[in-house]
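When we follow my numbering, the leftmost residue of the sequence shown carries the number 2, and every step to the right adds one.
We put the CB at the ideal spot given by N, CA and C, even for glycine.
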Amino acid sequence: MDTLLFASSNALAQFSPMLVIPILVPLVTQQLGASQDLLPWLFFVGGVTGYLSTKMAGILTSRVSALILATGSTLVFILSLLIPMLGYQYAALFMTLFLGASYSRLVSSSAVSIQFPDDSQRAGFSSLQTSIMYLITTVAFFLSAFLLPDHGMAPQNVNMLLAVCAISASGFPIMVIILQKKLAKRTLQPDCKYPA
């Protein structure tokens, strides 16, 4: 059971962003007022931000706890969702915060989950992580379509989806606490068998 929990942590961290990814283009153009000509630059800025936040979060994992990183990135992630929910038309700011926080959450999750498997089991564990990531992504995409009936991008439908996204994201730091406690318990019991 612990193996499944640790292997699913990265997928659960990415579940909330994956709710928004299918509607990212119409969200940016219709809710945030970005022009079609600006889209390539927005995604470029978002990609660069994601890369930089991944590098910075990786450095921070050696200086601050994964919980602090998870909590901070989750707060920034929820803040990014408030931009379209409140009707502010700051597309570049949204893309920067949204993608930057998403990648930081993934790094903090990876920093914890990578401590779980023994060296001999890393390959199988990584394969399980990938499989669960595909599964959770599929569920997120389905839920995104379900919450937007008839592909409607009406503000109330979009805000409902963003609210679900924010609520699901808020549980991420709690998951990190649970994972860290399980790791600490294993450290206190070094002679115990690798959990199934």
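My assumption, with CB atoms under 8 Å, is that residue i sits in contact with residue j. Please give the rounded CB distance.
i	j	result
Leu-40	Val-29	7 Å
Ile-199	Gln-15	Shown here, the chain extends from 2 to 197; a query on residue 199 therefore has no answer.
Ser-10	Ser-114	5 Å
Ala-35	Ala-92	4 Å
Pro-85	Phe-78	Not a contact, Cβ separation roughly 13 Å.
Phe-126	Ala-12	13 Å between Cβ atoms; not a contact.
Between residue i and the rest of its own chain, which residues show a CB-CB distance below 6 Å, the 5 nearest in sequence each way excluded?
i	result
Pro-196	Because Pro-196 sits at a pLDDT of 47, beneath the cut-off of 50, its placement in the model cannot be relied upon, and the following sentence gives the value as read from the coordinates. Asp-3.
Gly-51	Leu-100, Tyr-104
Pro-27	Met-154
Buried or exposed for residue i, please, with buried defined as at least 16 other CB atoms from any protein chain shown within 10 angstroms of its CB.
i	result
Thr-97	buried
Ala-146	exposed
Gln-130	buried
Cys-193	Note on Cys-193: pLDDT 48, under 50, position unreliable in the model; the coordinate value appears next. The residue in question, Cys-193, is exposed, as its Cβ has fewer than 16 Cβ neighbours within 10 Å.
Leu-20	buried
Gln-32	buried
Excluding five sequence neighbours on each side, which residues of the same chain lie with their C-beta closer than 8 Å to the C-beta of residue i?
i	result
Leu-149	Ile-24, Asn-158, Val-159, Leu-162
Thr-62	Leu-70, Val-108, Ser-109, Ala-112
Check whether the region 155-164 and the region 99-106 are in contact - that is, three or more C-beta pairs closer than 8 Å.
No, the region 155-164 is not in contact with the region 99-106.
Please give the ranges of any beta strand (DSSP E) in the region 83-142, keeping only runs that are unbroken, at least 3 residues long and fully inside the region.
Fully enclosed beta strand (DSSP E) runs of no fewer than 3 residues are not present anywhere in the region 83-142.
Any contact between the region 172-187 and the region 63-75? By contact I mean 3 or more CB pairs, one from each, below 8 Å.
Three or more pairs of CB atoms, one per stretch, sit closer than 8 Å, so the region 172-187 contacts the region 63-75.
Mind listing, in chain order, the continuous beta strand (DSSP E) runs of no fewer than 3 residues lying wholly within the region 5-67?
none
Ordered list of alpha helix (DSSP H) runs contained in the region 138-172, each at least 4 residues
156-171
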